[in-house]
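The structure appears below as structure tokens.
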Amino acid sequence: MIFTNLIQTNLRTRRFGKEIEYYQRLGSTNLEAWDLIENNEASHGMIVITDNQFQGKGRNGNSWFMSPSKGLAMSLIMLEPLSLKKAVLIPIAAGVAVAKALKNCGGKPKLKWPNDILLGNKKCGGILCESRISGQTVNSMVIGIGLNINETENDFPEKLSQSATSLSIETQHSNQRELICAMVLTFFEQLLDNLDSVTSEWTNYCAHLNEITSFNHNGVSQHGLFKGINDRGQAQIEIEEEVQLFPSIILD
Numbered sequence: 000m001i002f003t004n005l006i007q008t009n010l011r012t013r014r015f016g017k018e019i020e021y022y023q024r025l026g027s028t029n030l031e032a033w034d035l036i037e038n039n040e041a042s043h044g045m046i047v048i049t050d051n052q053f054q055g056k057g058r059n060g061n062s063w064f065m066s067p068s069k070g071l072a073m074s075l076i077m078l079e080p081l082s083l084k085k086a087v088l089i090p091i092a093a094g095v096a097v098a099k100a101l102k103n104c105g106g107k108p109k110l111k112w113p114n115d116i117l118l119g120n121k122k123c124g125g126i127l128c129e130s131r132i133s134g135q136t137v138n139s140m141v142i143g144i145g146l147n148i149n150e151t152e153n154d155f156p157e158k159l160s161q162s163a164t165s166l167s168i169e170t171q172h173s174n175q176r177e178l179i180c181a182m183v184l185t186f187f188e189q190l191l192d193n194l195d196s197v198t199s200e201w202t203n204y205c206a207h208l209n210e211i212t213s214f215n216h217n218g219v220s221q222h223g224l225f226k227g228i229n230d231r232g233q234a235q236i237e238i239e240e241e242v243q244l245f246p247s248i249i250l251d
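Each step along the sequence shown adds one to the number in numbering that gives the first Met the number 0, with nothing skipped, and position 12 is 11.
Laid out in structure tokens, this is it:
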């Protein structure tokens with residue numbers, strides 16, 4: 000069980016996490032967050048969190064695994080309008096916030112563009128941001144964060160045994176999920192106050208900077224040297240001595 004009072008006790012935020020919708024079991028925190036928004040039951044900074052997310056989703060319809068009562072699945076609701084220029088940096092800031100929280104718990108996190116969280120070169124979580132856009136303005140956004148915190152190696156399905164890990168596996172001790180949730184929200188709110196520096200902070204955690212990466216863009220497999228991200232959150236990849244910009248690709 001997740002104790003919401005422990006989350007709020009450890010928060011150092013002005014607005015994020017002040018309201019919490021907790022569910023023992025839920026298909027998807029992102030879907031529930033959008034339902035709350037559409038029914039006018041949400042507020043800016045509210046989080047939706049569950050002890051057991053059984054239909055977690057990632058980019059391109061991929062599923063995400065968490066073990067009941069061991070992982071962390073939450074979605075942050077943002078209802079204040081944002082310019083597209085700022086909105087594209089929100090996923091970047093969320094990744095940095097998660098990395099900072101995991102580092103504070105003894106982990107050595109790395110970020111894989113655009114949304115994977117790595118520990119020991121294995122995936123321990125991811126971020127899924129969804130938006131409602133009108134013109135050049137993002138009217139509402141849901142930031143979904145899924146993290147494997149206290150899972151053991153035996154908890155993961157066999158097909159994930161070589162690619163997935165948890166904070167507990169990497170640090171050899173259990174961790175309080177409520178504290179990690181509070182730290183993520185606190186770091187995230189701080190980063191939003193200074194979005195101009197978030198790309199450089201993300202680069203410090205990048206797992207594949209200046210490495211040859213294979214990726215898929217519009218159904219075409221390509222490879223190039225990953226040079227970082229620009230101030231619009233686009234990947235900068237050098238292909239045949241020319242740096243090209245990619246707003247959305249999936250690294251292999």
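C-beta: ideal position from N, C-alpha, C; glycine also.
The residue among Leu166, Leu75 and Ala72 with its C-alpha nearest the C-alpha of Leu118 is Leu166. Of the other Cβ atoms in all chains shown, 16 or more fall within 10 Å of the Cβ of Asn114; this residue is therefore buried. Between the alpha carbons of Pro108 and Gln7 lies a distance of about 25 Å. Here the alpha carbon of Asn215 sits roughly 43 Å from the alpha carbon of Asn4. Sequence-distant Cβ neighbours of Pro246 in its own chain, meaning closer than 7 Å and more than five residues away, are Gln233.
Residue range Ala234 to Ile238 is occupied by the beta strand (DSSP E) that includes Gln235, with no alpha helix (DSSP H) assigned at that position. Per DSSP, Cys180 has no beta bridge partner at all. DSSP links Cys123 through a beta bridge to no other residue. As computed with DSSP, His222 is found in a beta bridge with Ser213.
In its chain, beyond the 5 residues on either side, Lys109 and Ala206 have a beta carbon closer than 8 Å to the beta carbon of Asn120.
Boundaries cannot be given for Asp195, as no alpha helix (DSSP H) includes it and DSSP labels it neither H nor E.
Close CB contacts of Arg24 within its chain, under the 6 Å cut and outside five residues either way in sequence, are with Asn51 (chain order). With fewer than three CB-CB distances shorter than 8 Å, the region 127–140 does not count as touching the region 217–231.
Beta-bridge partners assigned by DSSP to Tyr21: Ile48.
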